[in-house]
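Colleague: Dropping a structure here in structure tokens format, bear with me for questions.
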Amino acid sequence: MSFWRAIAVGALVAAAPALLAGEIPSDARRSGYAFMGPDTRAMQDDDTANPGMLFVLDGEALWTKKTGSAEKACADCHGDARSSMKGVAARYPAFDKALARPFTLDQRINLCRANHQRAAPLPYESRDLLALSAFVAHQSRGVAITAGDDPELKPFVAQGRDLFMQREGQLNLACTNCHDDNFDKRLAGAPITQAQPTGYPLYRLEWQTLGSLERRLRSCMSGVRAQAYDYGAPELVALELYLMSRARGLPMETPAVRP
Amino acid sequence: MSLAISSPATADELVPYKIIGDTIPQSLTGTPGDPARGRALVLARTTTCILCHSGPFPEVRFQGDLAPDLKGTGNWWSAGQLRLRLVDASRFNPQTIMPSYYRNNGLVRVGRNFASKPILSATEIEDIVAYLATLQN
Chain V
1 MSFWRAIAVG ALVAAAPALL AGEIPSDARR SGYAFMGPDT RAMQDDDTAN PGMLFVLDGE
61 ALWTKKTGSA EKACADCHGD ARSSMKGVAA RYPAFDKALA RPFTLDQRIN LCRANHQRAA
121 PLPYESRDLL ALSAFVAHQS RGVAITAGDD PELKPFVAQG RDLFMQREGQ LNLACTNCHD
181 DNFDKRLAGA PITQAQPTGY PLYRLEWQTL GSLERRLRSC MSGVRAQAYD YGAPELVALE
241 LYLMSRARGL PMETPAVRP
Chain Z
260 MSLAISSPAT ADELVPYKII GDTIPQSLTG TPGDPARGRA LVLARTTTCI LCHSGPFPEV
320 RFQGDLAPDL KGTGNWWSAG QLRLRLVDAS RFNPQTIMPS YYRNNGLVRV GRNFASKPIL
380 SATEIEDIVA YLATLQN
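Heads up: the protein sequence lines correspond to chains V and Z, in order.
Residue numbers 1 to 259, in this note's numbering, belong to the letters of the first sequence in order.
Residue numbers 260 to 396, in this note's numbering, belong to the letters of the second sequence in order.
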């Protein structure tokens, strides 16, 4: 069985913590990859055809570029990303002791810029931030997701779960109404997936560019005519954390391709 | 500092309606709707029906399958039942995912552009009711 087939079939990890009511059992979890047609899968599988790989290459160049008034590159502290960053994205969002809250990989990159490179933060969805986070997350491709393990994260996972279950917007729909109760069905033409966050940042054909998980969450919120949370808002971070913990065991795919 | 008397943004007024049994027997506008306009509305993506439903719409390529096919709707539902279903489907089934199309409060985090507005106007509801009632075979 090929690696990508394994993703389609589901989780490879047997040991799973007790499930909450309504949650998808670990052996039934399926990446958005499993819902795509053969052409889109082929595009993701072939690094020379996957447009996300251009961002990964840009990120690799940024990794070794000296930046900010400290004149330091990411590589000056972290060395070779292939070893130092392997598995990191599979654990994010992670708990920060100093801030006493979880933060995303994008936020971590900007914290490193502020504290270690003395550089201005990169705006959300800017090419450089997407390139760096794609490059870092790409080092976890194939690594099983373990985010949410830290006991200090527990209340934040619970907050994210509440948000996932909360009906909102003029259409009064919750994430769970589509992604737990109706995956495999079609919303107009589009297959509804389980909302597994395995491939971010990913190349979305509709966007014609790479985008973050937060961008995806914000568009589902606008879809139900709700006021989307701002990038970096604690609610979006909590949702992201819940989704990652809900995807436990699924392998990372960054940079994935989605329709 | 603002001393001006600000009038708080009030919810757009909805036409009052009376529920009898599982129906709203009276037209919300006092006049019958236009079935041709109703059909066009049901087919428009922005009305949202065909995101979830399919129906006898051969010209529409992408239809949903989260909800029953609308063909034959007029066989088993009266106009009064259809009107209540559109105004507030949760009266039939509190867990339903079908939105309440004529409601403007009690919702969470409604987007700025949609705040205090029902999804459809009374006229649009009547047009759709008139169309659905024609779906008989």
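Beta carbons: idealized from backbone N, C-alpha and C, even for Gly.
Indicate whether at least one CB of chain Z lies closer than 8 Å to the CB of Lys65 (chain V).
Modeller: By this cut-off, Lys65 (chain V) is not an interface position.
Colleague: Less than 6 Å between C-beta atoms, sequence neighbours within five positions excluded: which residues of the same chain meet that for Leu171 (chain V)?
Modeller: Same-chain partners within the cutoff: Val224, Arg225.
Colleague: In chain V, which residues lie with their C-beta within 9 Å of the C-beta of Gln322 (chain Z)?
Modeller: Those within 9 Å of Gln322 (chain Z) in chain V are Arg186, Ala188, Gly189.
Colleague: Pick helix, strand or coil for Val157 (chain V), following the three-state DSSP scheme.
Modeller: Val157 (chain V): helix per DSSP, three-state reduction.
Colleague: Under a CB-based cut-off of 8 Å, is Ser359 (chain Z) close to chain V?
Modeller: Ser359 (chain Z) counts as touching chain V.
Colleague: Secondary structure at Tyr361 (chain Z), three-state DSSP: helix, strand or coil?
Modeller: In this structure, Tyr361 (chain Z) counts as coil in the three-state DSSP scheme.
Colleague: Taking only runs that begin and end inside the segment 272 to 332 of chain Z, name each unbroken alpha helix (DSSP H) of 4 or more residues, in chain order.
Modeller: The segment 272 to 332 of chain Z contains these whole alpha helix (DSSP H) runs: 294 to 302, 308 to 311.
Colleague: Check each candidate in V:Leu217, V:Asn50, V:Asp106, V:Ala233 and name the one with the smallest Cα separation from Arg39 (chain V).
Modeller: What sits at residue 39 (chain V) in the sequence shown is Asp, not Arg. It is V:Asn50 whose Cα lies nearest to the Cα of Asp39 (chain V).
Colleague: In the structure shown, what three-state DSSP assignment does Ala70 (chain V) receive?
Modeller: Ala70 (chain V) falls in the coil class under three-state DSSP.
Colleague: Between which two residues does the beta strand (DSSP E) harbouring Leu99 (chain V) extend?
Modeller: Premise fails: Leu99 (chain V) is in no beta strand (DSSP E) and is neither H nor E.
Colleague: What's the gap between the Cα of Ala94 (chain V) and the Cα of Leu241 (chain V)?
Modeller: Looking at the two C-alpha atoms, the distance is approximately 8 Å.
Colleague: Any C-beta of chain Z sitting closer than 8 Å to the C-beta of Arg110 (chain V)?
Modeller: Before going on, a small fix: residue 110 (chain V) reads as Asn here, not Arg. Chain Z, which has no Cβ nearer than 8 Å to the Cβ of Asn110 (chain V), makes this no.
Colleague: Does the beta-carbon distance from Gly189 (chain V) to Phe321 (chain Z) come in below 8 Å?
Modeller: Yes. Within cutoff.
Colleague: Give the residues of chain V in contact with Gly370 (chain Z), contact being defined as C-beta atoms less than 9 Å apart.
Modeller: The answer, in chain order, is Gly169, Gln170, Met221, Ser222, Val224, Arg225, Ala226, Gln227, Ala228.
Colleague: Under the three-state reduction of DSSP, which class applies to Leu379 (chain Z): helix, strand or coil?
Modeller: Three-state DSSP puts Leu379 (chain Z) in coil, outside helix and strand.
Colleague: Check whether the Cβ atoms of Gln227 (chain V) and Gly370 (chain Z) lie closer than 8 Å to each other.
Modeller: Cβ distance < 8 Å, so Gln227 (chain V) and Gly370 (chain Z) count as in contact.
Colleague: Would you say Val367 (chain Z) faces chain V, with C-beta separation under 8 Å as the test?
Modeller: So yes, Val367 (chain Z) belongs to the interface.
Colleague: Buried or exposed: Glu383 (chain Z), going by 16 or more other Cβ atoms within 10 Å of its Cβ?
Modeller: Buried is the call here.
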